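Participant: Sharing a structure below in structure tokens format, with a few things to ask.
In mature numbering (1 follows the signal peptide of the UniProt record, and there is no 0), the protein residues as written are -19 to -1, 1 to 213.
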């Protein structure tokens, strides 16, 4: 009987030690969520920057902390030159020196050290205020449809091209559409008052390129990026 009790005690002790030695489970890290942009406001004139000279000012970019994110990358594009720069930071704001009288677009990428995933905020646009200007050029038009590199099924009825335009002064008067098979498309339609053109004839098995020129009431203009799609 005594031997049986000793054997049971040894088994219980071994089981207890084994259970107590289990490594704790690592806490799962959630995927970072997209940041909510705060400032500079979308489609606005930014006049809150700290003026450094006639050509430069410092603008502070601000967004809300994103859930599960511990670092961010701000992507800033000069809409005049097309140059995009990236700025890696660990907090939800950063001050940058910008050219005055220039349009910019920006968005934020949320990242987490414990996750391979990332999340992107919407893209916002603004004009950095110049020394003295009562009129700004329209922001470059953005593609709506077909999206860039989209493949479309051929239709004898043609396709529709759609874009969106915006302007701080809200005085856009018309658009010129450049369209064709060359990556330097020629003028296709001009003085369009709407932002959609339907029944555009296309051929099967062909790549197409297009861009939009936006014009406002003050004679200011802007050109969109070059868009591309394929008809199967």
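The C-beta atom is built at its ideal place from N, Cα and C for all residues, glycine as well. Fair warning: this is a prediction, and the values are worked out from it, not measured in the lab.
Going along the chain, which residues of its own chain have a beta-carbon closer than 6 Å to the beta-carbon of residue 147, five neighbours each way excluded?
Facilitator: Translated into positions along the chain shown, residue 147 becomes position 166. Result list for residue 147: 24 and 120, in chain order.
Participant: Could you tell me which residues DSSP puts in a beta bridge with residue 93?
Facilitator: The residue labelled residue 93 in the question sits at position 112 within the chain shown. DSSP, once it has assigned bridges, lists 96 as partnering residue 93.
Participant: Within this structure, are the beta carbons of residue 191 and residue 166 separated by less than 7 Å?
Facilitator: As a first step, residue 191 is located in the chain shown; it is residue number 210 there, counting from the start. As a first step, residue 166 is located in the chain shown; it is residue number 185 there, counting from the start. Against a cut-off of 7 Å, the Cβ pair of residue 166 and residue 191 comes out as a contact.
Participant: For the ligand ZN, is there a heavy atom less than 6 Å away from the beta-carbon of residue 85?
Facilitator: The ligand ZN is not among the ligands present in this structure, which contains no ligands whatsoever.
Participant: What residues are listed by DSSP as bridge partners for residue 52?
Facilitator: On the chain shown, position 71 is the one that residue 52 refers to. 92, per the DSSP bridge assignment.
Participant: Taking the alpha-carbon of residue 18 as reference, which of 52, 73, 200 and 48 has the nearest alpha-carbon?
Facilitator: Stepping through the chain shown from its first residue, residue 18 is reached at position 37. Closest by alpha carbon: 73.
Participant: Can you list, in chain order, the residues of its chain with a C-beta nearer than 7 Å to that of residue 31? Leave out the 5 residues immediately preceding and following it.
Facilitator: Position 50 of the chain shown, counting from 1, holds the residue named residue 31. Around residue 31: 38 and 39.
Participant: Would you kindly check if the distance between the Cβ of residue 82 and the Cβ of residue 116 is under 7 Å?
Facilitator: Reading the chain shown from its first residue, position 135 is the one you call residue 116. Reading the chain shown from its first residue, position 101 is the one you call residue 82. In this structure, residue 82 does not lie closer than 7 Å to residue 116 by Cβ.
Participant: With the cut-off set at 7 Å, would you say residue 43 and residue 20 are in Cβ contact?
Facilitator: For the purposes of this step, residue 43 is taken as residue 62 along the chain shown, with counting starting at 1. For the purposes of this step, residue 20 is taken as residue 39 along the chain shown, with counting starting at 1. In contact: residue 43 and residue 20 (Cβ atoms closer than 7 Å).
Participant: So, at 7 Å on beta carbons, what are the nonlocal neighbours of residue 99 in its own chain, with the 5 sequence-adjacent residues on each side left out?
Facilitator: What you label residue 99 is simply residue 118 of the chain shown in a count that begins at 1. Counting only Cβ-Cβ distances below 7 Å, and skipping sequence neighbours, we find 13, 90, 91 and 92.
Participant: Could you check if residue 195 is buried or exposed, using at least 16 other CB atoms within 10 Å of its CB as the buried criterion?
Facilitator: Residue numbering aside, residue 195 sits at position 214 when the chain shown is read from its first letter. It is buried - the Cβ of residue 195 has at least 16 other Cβ atoms within 10 Å.
Participant: Sort 193, 64, 209 and 16 by Cα distance to residue 202 and report the nearest one.
Facilitator: Translated into the one-based positions of the chain shown, residue 202 becomes position 221. When each option's Cα is compared against that of residue 202, the closest is 193.
Participant: Give me the residue from 207, 28, 118 and 160 with the minimum Cα distance to residue 63.
Facilitator: Against the chain shown, residue 63 aligns to sequence position 82. Nearest option by C-alpha distance: 207.
Participant: List the whole-angstrom C-beta distance separating residue 205 from residue 122, where the pair is believed to meet the contact cut-off of C-beta under 8 Å.
Facilitator: Within the chain shown, residue 205 is the residue found at index 224, counting from 1. Within the chain shown, residue 122 is the residue found at index 141, counting from 1. About 4 Å separates the two Cβ atoms, so the contact holds.
Participant: Report the rounded CA-to-CA distance for residue 96 versus residue 160, giving the unit in angstroms.
Facilitator: Your numbering for residue 96 matches position 115 in the chain shown. Your numbering for residue 160 matches position 179 in the chain shown. Approximately 42 Å between the Cα atoms of the pair.
Participant: Can you tell me the Cα-Cα spacing of residue 77 and residue 163, whole angstroms?
Facilitator: Indexing the chain shown from 1 puts residue 77 at position 96. Indexing the chain shown from 1 puts residue 163 at position 182. Near 38 Å, if we compare the C-alpha coordinates of residue 163 and residue 77.
Participant: Here's the rule I'm using: 16 or more other beta-carbon atoms within 10 Å means buried, otherwise exposed. How should residue 197 be labelled?
Facilitator: By one-based count along the chain shown, residue 197 stands at place 216. Burial call: buried.
Participant: Could you give the residue range of the beta strand (DSSP E) that holds residue 153?
Facilitator: By one-based count along the chain shown, residue 153 stands at place 172. The continuous beta strand (DSSP E) containing residue 153 extends over residues 153 to 161.
Participant: With a threshold of 8 Å on Cβ separation, who are the neighbours of residue 129 within its own chain once the five nearest residues in sequence on each side are excluded?
Facilitator: Position 148 of the chain shown holds residue 129. If we look at residue 129 and ignore the five residues flanking it on each side, its Cβ neighbours are 208, 209 and 210.
Participant: Which value, in whole angstroms, describes the spacing of the CA atoms of residue 59 and residue 65?
Facilitator: Position 78 of the chain shown, counted from the start, is the residue given in the question as residue 59. Position 84 of the chain shown, counted from the start, is the residue given in the question as residue 65. Approximately 6 Å between the Cα atoms of the pair.
Participant: Please report how far the alpha carbon of residue 87 lies from the alpha carbon of residue 70, in whole angstroms.
Facilitator: Sequence index remark: in the chain shown, residue 87 carries index 106 (1-based). Sequence index remark: in the chain shown, residue 70 carries index 89 (1-based). In a straight line, the C-alpha of residue 87 is about 15 Å away from that of residue 70.
Participant: What is the rounded straight-line gap between the Cα of residue 79 and the Cα of residue 107?
Facilitator: Here residue 79 corresponds to residue number 98 of the chain shown, with the count starting at 1. Here residue 107 corresponds to residue number 126 of the chain shown, with the count starting at 1. About 12 Å.
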